[in-house]
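Residue numbers (UniProt numbering): 1 to 181.
A short worksheet on the structure shown next.
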Amino acid sequence: MTQVGVILYGPPASGKDTVTKALNNLDDNYALFRRLKVGSGRMSEYRPLSEAGLSDLRASNEVIWENHRYGNAYVVDRPSLVRSLSEQIPILHLGQVEAIRHVKDAVPHARWLVVYLSCPREVAEQRIKERATGDTTERLRAWDETEPLEGADMVIDTSVVEPDDAARKIARLITEARDRG
């Protein structure tokens, strides 16, 4: 059977966490791929990593993608992503167009479905404020810097599509991809 992974692409507060939770509620085989994080702040969606650990991954050429934001480093590592694909359908959150190509190139045996989640900036701003993380300005800057994505397998405006409906649409896309092999 073809290994399938889902990339949820979008700016901060576009609904990546919420849609991932809805997917997992639909089927616990859909699971967040917890990227590595060197730094501080919210950690529940990440796996903590030291600077030394990141240096080791870089030296062994196992870093697929690394980006820096909010004073932290966020990393997609090849060993964990490959393992995740063999165990479940990983849901990978990305916010840089270039990162998508890196993931697809690093793990070409998998079928990567790319879903572009979007919402109006005002909606994102309200969501960010409701999180009360104290970094609204930085997150809105990241929102502004997130490039539009061309060629996604699916585009969902999370300001008009409910999370459970988005999850069902993505699940259908996954089923179709698996059926096609």
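Virtual Cβ for every residue (Gly too), placed ideally from N, Cα, C.
{"Check": "Which residues does DSSP pair with H93 in a beta bridge?", "Outcome": "L8"}
{"Check": "Skipping 5 residues on each side, what residues in its chain have a beta carbon closer than 7 Å to that of A167?", "Outcome": "V19, A22, L23, L26"}
{"Check": "I need the DSSP call for H109, collapsed to helix, strand or coil.", "Outcome": "coil"}
{"Check": "With distance defined between alpha-carbon atoms, name the residue in A152, R101, G95 nearest to W143.", "Outcome": "G95"}
{"Check": "To the nearest angstrom, how far is the alpha carbon of W65 from that of K169?", "Outcome": "27 Å"}
{"Check": "Tell me the start and end of each unbroken alpha helix (DSSP H) in the stretch 48–98 that is at least 4 residues and wholly inside, in chain order.", "Outcome": "51–59, 78–87"}
{"Check": "From what residue to what residue does the alpha helix (DSSP H) around R172 run?", "Outcome": "163–180"}
{"Check": "State the Cα-Cα distance for the pair H102 and G151, rounded to the nearest angstrom.", "Outcome": "16 Å"}
{"Check": "Compute the Euclidean distance between the alpha carbons of A31 and I89, then round it to the nearest angstrom.", "Outcome": "6 Å"}
{"Check": "Report buried or exposed for H93, applying the criterion of at least 16 other Cβ atoms within 10 angstroms of its Cβ.", "Outcome": "buried"}
{"Check": "Would you tell me roughly how many angstroms separate the C-alpha atoms of V4 and N67, rounded to the nearest one?", "Outcome": "24 Å"}
{"Check": "How many Å lie between E62 and R78 at the Cα?", "Outcome": "5 Å"}
{"Check": "I need the straight-line Cα distance from I174 to S14, nearest angstrom please.", "Outcome": "21 Å"}
{"Check": "Identify the continuous beta strand (DSSP E) that holds R35 and give its terminal residues.", "Outcome": "35–38"}
{"Check": "Which value, in whole angstroms, describes the spacing of the CA atoms of R141 and E147?", "Outcome": "12 Å"}
{"Check": "Report buried or exposed for A124, applying the criterion of at least 16 other Cβ atoms within 10 angstroms of its Cβ.", "Outcome": "buried"}
{"Check": "Please name the residue, chosen from A59, Y46, D56, that lies closest to N72 on a Cα-to-Cα basis.", "Outcome": "Y46"}
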